[in-house]
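Structure record follows, encoded as structure tokens.
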Amino acid sequence: GVIVALWQINEPRHDRRLHIIFELGRRWDSEEMIASRTMVDACGGSGALCTEIKSLYGSKGSKYWTLMREPGFFEDMAILRETGTVDRRAIDNSMAYLVRERWAMWEPATAYLRTVRGPAQFEHFERWALGLFEILPPVSPPRDPTLGDVLARWGLWP
450 GVIVALWQIN EPRHDRRLHI IFELGRRWDS EEMIASRTMV DACGGSGALC
500 TEIKSLYGSK GSKYWTLMRE PGFFEDMAIL RETGTVDRRA IDNSMAYLVR
550 ERWAMWEPAT AYLRTVRGPA QFEHFERWAL GLFEILPPVS PPRDPTLGDV
600 LARWGLWP
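Here the sequence shown is numbered in this note's numbering, starting from 450 and rising by one per residue.
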């Protein structure tokens, strides 16, 4: 009886966590987030993104808010992770390298935003990313495959 009662108590919590994970995935794949990620990547790097945020901050027009969707998403995820609303290990396993990559992109812009909006700007996103930098091996910068890579993939090179 006690085991069944404990299972019944934990079942809604498990269902809620699954629902939250589903909603986060849906949000990440939404047209709005795709537009945000595309716009962030089109800046061409963290320094250029920071410059873009600085130039847009005063007017806070639609381009500014489109860009800000991405770090806002990671901030929300980090808060859910910190509060135990989502499974920390599952989120880390699926998002670790992406979180680190996107934090590296947003770190200079965040430093600027903290000067104009206050020190708490994206603090949860930062804490999550920096914690992952401590526990995961470094990520090699992407490079174009060499001829040797292509031949090795096809089993034609040792």
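Note that beta-carbon positions come from the ideal geometry of N, C-alpha and C, so glycine has one too.
Spatial distance of residue i from residue j (CA atoms)
| i | j | result |
| --- | --- | --- |
| Tyr561 | Asp541 | 27 Å |
| Thr534 | Met488 | 30 Å |
| Ser511 | Ser504 | 13 Å |
| Ser508 | Leu516 | 13 Å |
| Asp490 | Glu575 | 19 Å |
| Pro568 | Trp552 | 16 Å |
| Arg530 | Trp577 | 9 Å |
| Ala497 | Ala558 | 9 Å |
Inter-residue CB distance, residue i and residue j (contact presumed, cutoff 8 Å)
| i | j | result |
| --- | --- | --- |
| Met544 | Arg518 | Met544 to Arg518, Cβ: 16 Å. No contact. |
| Phe522 | Arg476 | 7 Å |
| His468 | Ala527 | Not confirmed; about 19 Å, so no contact. |
| Ser495 | Glu583 | Not a contact, Cβ separation roughly 20 Å. |
task = Pick out the complete alpha helix (DSSP H) segments inside the segment 455 to 540, 4 residues or longer, and give them in chain order.
result = Complete alpha helix (DSSP H) runs here, min 4: 480 to 491, 495 to 506, 511 to 531.
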